[in-house]
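Report on one structure; see the data block that follows.
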Amino acid sequence: MRKQFGMPEGEKLVNYYSCSYWKGRVPRQGWLYLTVNHLCFYSFLLGKEVSLVVQWVDVTRLEKNATLLFPESIRVDTRDQELFFSMFLNIGETFKLMEQLANLAMRQLLDSEGFREDKALPRPVRPHRNISVLKRDLDARAKNECYRATFRLPRDERLDGHTGCTLWTPFNKLHIPGQMFISNNYICFASKEEDACHLIIPLREVTIVEKADSSSVLPSPLSISTKSKMTFLFANLKDRDFLVQRISDFLQKTPSKQQDSISGERKASIVDEDPKSPSTPQEVLEQPASPSSTLSGCPSFSMQEVPTASQGLLKLFQRNSPTEVLGAKGAKEKMKEESWNIHFFEYGRGMCMYRTAKTRELVLKGIPESLRGELWLLFSGAWNEMVTHPGYYAELVEKSTGKYTLATEEIERDLHRSMPEHPAFQNELGIAALRRVLTAYAFRNPTIGYCQAMNIVTSVLLLYGSEEEAFWLLVALCERMLPDYYNTRVVGALVDQGIFEELTRDFLPQLSEKMQDLGVISSISLSWFLTLFLSVMPFESAVVIVDCFFYEGIKVVLQVALAILDANMEQLLDCSDEGEAMTVLGRYLDNVVNKQSVSPPIPHLHALLTSGDDPPAEVDIFELLKVSYEKFSSLRADDLEQMRFKQRLKVIQSLEDTAKRSVVRAIPGDIGFSLEELEDLYVVFKAKHLASQYWGGSHTAAIRRDPSLPYLEQYRIDASQFQELFASLTPWTCGSHTPVLAGRMFRLLDENKDSLINFKEFVTGMSGMYHGDLTEKLKVLYKLHLPPALNPEEAESALEAAHYFTEDSCSEASPLASDLDLFLPWEAQETLLQGEQEGAGNEDAREKKGEKGTSPQDCRHYLRMWAKEKEVQKETIKDLPKMNQEQFIELCKTLYNMFSEDSMEQDLYHAIATVASLLLRIGEVGKKFSVRMGKKPKDSACGGDHNEDAVQEDSSEPEPHQDPAQEPQPPAAGDPQAKAGGDTHLGKTPQENQVVGEGGSGEGQGSPSQFLSDDETKDDMSMSSYSVVSTGSLQCEDFLDDTVLVGGEVSNHMATARCEGTVDADWCISFEQILASILTESVLVNFFEKSIDIGLKIKDQKKVERQFSTSSDHEQSGVSG
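In this note's numbering, the protein residues as written are -8 to 1112.
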């Protein structure tokens, strides 16, 4: 499979299926291969071959449908095409696996967690024999997710197995058939009939597991007793002995200390509460199932003396309202409490409670204020996590206190916007509690950190529970019940918004089209879903919806939203614009009231803004809930999960398209590429980043990816990935020298020295090779042979010539940034200068150095960077530092390799030989001129620029040892110094357009360039120690007799220097002199100025990366490999 589709060894095949691919109206029978990262299809029939490769991250739609044309087929859409597959032996199994793999790919695009999950997959040694290993793992993962979602269990819970059985329910004296699920910490039961009974038994609660006596009425019974004196009787177990053994094994692994601590809590949990008694911290310990006993028993909790550490804010701010004073409302509240107490007596209390249709009825009628916090903890599953992590919240509070991050700054900004109308948040007590909970969660989950709307939800949680309880409820909300809601892109809310639109089309088709035209759904749904109606409805009404949400999940929110639209259908159909429709809905929501609430009414700020002369009639929240269940109760959790998957594909791909457009817009207009070319380059760049995470394993980019960063910084590549892209996209072929040139270009672009470059930097480097005039392209090529592009290690390898250069060898020319710079070039320059010139007192450099130390998520940091970017000054050729002899020879090597595959190869070699010969003389004469002027150069760059004509005039004077007719001779084959000048680097291309501000300063300028290392590793062609080009490799018989490569004193001096193992430290050349010399050769000018289309190279690269689906339909003879 890997050889057929060109996949690397790291790609994992999950399974393959026989099916037909519809190419036009003709089905092509073949094999569908499903790998972790790709969908592949291959067919060869009647001499015709079809080959398809689609990345899962490119899939925008995946559906199983049946039409007249495609009977029972699977449809796979990408941005480019629609693919149909049919004639499966088991289409259900195939589609389920495809869904899993596509969903995994979407998680990869959303955050890095998906990649970590992928790496957890086992890699079979022999894929064809062990294909089921991967598939079994994915199936187990899907079952785990379903199990955790059904019973609201922690995310690290792993299902061990399940079996059919019956459960004896004492409340109705029946044996209810269903499934028993066993995991490492829980025993759960779900009835076949959805509402009949659900049961969760934590193993920490279990005291006895025993096999009861079998009978005809009760075959193979199993009895489980808990610390709360409840006994559960399971029967009709197929393999009871094995089951008991597994449960015993898990019980032995349950920490004894944990059991002891929870035992004490459960003893407290069976004590009934007197609702009339005032709530004091001492009495809170006796509340049923209250985690405050855990909290008070934890000495590490630093905020123990704070009232909110042990009870909810509502109890602290409503002490004077006993139920007798409230009249009818108080009586109603008392009846609710009695109903729940009766329910607890019959069905049990705490985690081990039987959850039935009766439980749902009580929730819909409203949870009494005194029990709301307890039941929220139980129904959401937050209680499980809290009791198994004692002291965790206290540790987070201690760690986060006094710490400053972007999240804490946003939290501080929103603290006083959180339910400001409620008295609990009009003083420092409530504000401080909210601050601690939000900050603790931001430290627990830095990926989310803090998102708007979290403050509103958390403030309500704090009203009904202690800080620790509110914290764990927030964990349950953000990480399990509302997945991906509270992140930088609110993906989860957008997904559920798409579901809401789809449900509107199904249930309210008349209204759906109107709402789409008005664009209302996208405006209302985010505020409704993100805050669970708390921000758009009166508090006492919205909290009833929250009650139902904790019991039934997102289904309730969608039902209520549909009921609201249904109730306002006539008015919405008459609306002419979005504003009018929003007003209609706003006024309706403001008048949803809870007439049973015992809390004093809290003014709703939204209502004050939308109130009119003729307010609509009041709507009772319980009536609204009743209608929503009557009309829209057909929604099922399984169906919603299926719809979530479908919408997640659309939403994430839409966000990826938005990111692409944003990044492309951030590229300066002078780059030279068209919008289409930039988008294509972005696709290739992103594919390279993703490929590193598929198969790279240890790539830096995969480790450091941060979805919270700005779009431009989310995808970055390292040096090895850049080298691959460089080799495939460069307009100049350099043969074996290309990797060396790519490494130099990468160092030139990587100004912040983090070993990663973003897309903007990448594009700027590409633009330097494709756009600009001769001067700009040569400027880039020139910089590639100066530090930092020229690695000091490369220079050190050249005959260890560093001994001949002084420590303070730095150019006197000040490095200025050019228009090719990408990201705050001054920052990189000044940071480097600060490191090299300690004590210089460069305040700007210190300021930028400080900026580099800030958090990458700090938006202000990027604002400063972009502001500075606008201040970049145009670099002139006068600002470029001079080039020493070693660097010049590296430049000649690059040019030599660059021309090796050109159609004008011989003419180009002839021209560069002439130019190099002239430049060597110019440098020699320039050195003599500077010595004559009394300037003893201290470094490789000599002082003073020289006019070319003047230099040539000087060079025409006869030298004492010069024989004008002398031709340079090739070096002896065994001369290692001659070999050192090899032409490996001549393939250097001006691909990297990025400016190096520090090019003329620092130790690199004083270090000689590479002679040995690249030559020895990359090229085996020799080069004369005094000649630019090797006579053997260039067929010198084609050269004219008057072609003088190096003459007179120059050749003698260089030969002497090479024999001594060094180069001339005083020799130097300027960019102007190189430019002027190249302009004398028209063939060189034409080579650098010819235009090259990058589109074809991008298309070839896409095929290599498998970024888009590609199909071939040709004769077998046309296929190679």
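Backbone N, C-alpha and C fix where the C-beta goes; we use that ideal spot for every residue, glycine too. Just so it is clear, the structure is predicted and the values come from calculations on it, not from any experiment.
Beta bridge counterpart(s) of residue i as assigned by DSSP
i: residue 1116; result: The displayed coordinates of the chain run from -8 to 1112. Any statement about residue 1116 would go beyond what the structure contains.
i: residue 520; result: DSSP, once it has assigned bridges, lists no residue as partnering residue 520.
i: residue 131; result: Bridge partners of residue 131: none, in fact.
i: residue 173; result: 152 and 178
i: residue 18; result: 13
i: residue 1059; result: 875
i: residue 708; result: 748
i: residue 24; result: 7 and 31
i: residue 82; result: Bridge partners of residue 82: none, in fact.
i: residue 74; result: 67
Sub-8 Å separation of residue i and residue j beta-carbons
i: residue 86; j: residue 11; result: no
i: residue 502; j: residue 572; result: no
i: residue 347; j: residue 187; result: yes
i: residue 487; j: residue 545; result: yes
i: residue 454; j: residue 305; result: yes
i: residue 1074; j: residue 898; result: yes
i: residue 351; j: residue 542; result: yes
i: residue 199; j: residue 216; result: yes
i: residue 462; j: residue 423; result: no
i: residue 627; j: residue 607; result: no
i: residue 196; j: residue 219; result: yes
i: residue 173; j: residue 152; result: yes
i: residue 353; j: residue 380; result: no
i: residue 725; j: residue 888; result: yes
i: residue 329; j: residue 589; result: no
i: residue 559; j: residue 575; result: yes
i: residue 226; j: residue 166; result: yes
i: residue 410; j: residue 450; result: yes
i: residue 1078; j: residue 870; result: no
i: residue 750; j: residue 664; result: no
i: residue 90; j: residue 530; result: no
Element boundaries [beta strand (DSSP E), containing residue i]
i: residue 680; result: Run containing residue 680: none in the beta strand (DSSP E); it sits in the alpha helix (DSSP H), 666 to 682.
i: residue -6; result: Taken as a continuous stretch (DSSP letters only), residue -6 belongs to no beta strand (DSSP E), being part of the alpha helix (DSSP H) at -7 to -4.
i: residue 33; result: 29 to 36
i: residue 1168; result: In the structure as shown, the chain starts at -8 and stops at 1112, and residue 1168 therefore has no counterpart that could be examined.
i: residue 215; result: 213 to 217
i: residue 191; result: 189 to 193
Own chain partners of residue i with C-beta closer than 8 Å, once the 5 adjacent residues on each side are dropped
i: residue 7; result: -8, 22, 23, 24, 25 and 122
i: residue 5; result: 25, 26, 27, 88, 92, 122, 125, 126 and 129
Start and end residues, alpha helix (DSSP H) containing residue i
i: residue 62; result: Per DSSP, residue 62 belongs to no alpha helix (DSSP H) and is neither H nor E.
i: residue 431; result: 419 to 435
i: residue 334; result: 319 to 338
i: residue 202; result: Taken as a continuous stretch (DSSP letters only), residue 202 belongs to no alpha helix (DSSP H), being part of the beta strand (DSSP E) at 197 to 202.
i: residue 39; result: Premise fails: residue 39 lies in the beta strand (DSSP E), 39 to 46, not in any alpha helix (DSSP H).
i: residue 223; result: First-last for residue 223: 222 to 226, but that is the beta strand (DSSP E), not the alpha helix (DSSP H).
Neighbourhood of residue i by C-beta distance below 6 Å, restricted to the same chain and skipping five residues each side
i: residue 68; result: 51 and 52
i: residue -4; result: 31 and 44
i: residue 537; result: 523
i: residue 184; result: none
Contact set for residue i: own chain, Cβ-Cβ below 7 Å, skip 5 residues either direction
i: residue 702; result: 650, 653 and 654
i: residue 93; result: 47, 50, 53 and 640
i: residue 909; result: 1068
i: residue 638; result: 486, 489 and 490
i: residue 798; result: With a pLDDT of 36 at residue 798, under the threshold of 50, the predicted position of this residue should be treated as unreliable, though the coordinate-derived value follows. Around residue 798: no qualifying Cβ.
i: residue 9; result: 22 and 80
### Query
Three or more C-beta pairs closer than 8 Å, one from the segment 463 to 479 and one from the segment 551 to 565: is that the case here?
Flag = no, the segment 463 to 479 and the segment 551 to 565 do not touch.
### Message
Pairs of beta-carbons, one from the segment 27 to 38 and one from the segment 51 to 59, closer than 8 Å: are there three or more?
### Response
Segments in contact, no.
### Query
Touching or not, the segment 201 to 213 and the segment 356 to 375, by the rule of three or more beta carbon pairs under 8 Å?
Per the Cβ contact rule, the segment 201 to 213 is not in contact with the segment 356 to 375 (fewer than 3 Cβ pairs under 8 Å).
### Any 3 or more C-beta pairs closer than 8 Å across the segment 896 to 915 and the segment 1059 to 1074
The answer is yes - the segment 1059 to 1074 touches the segment 896 to 915, with three or more Cβ pairs under 8 Å.
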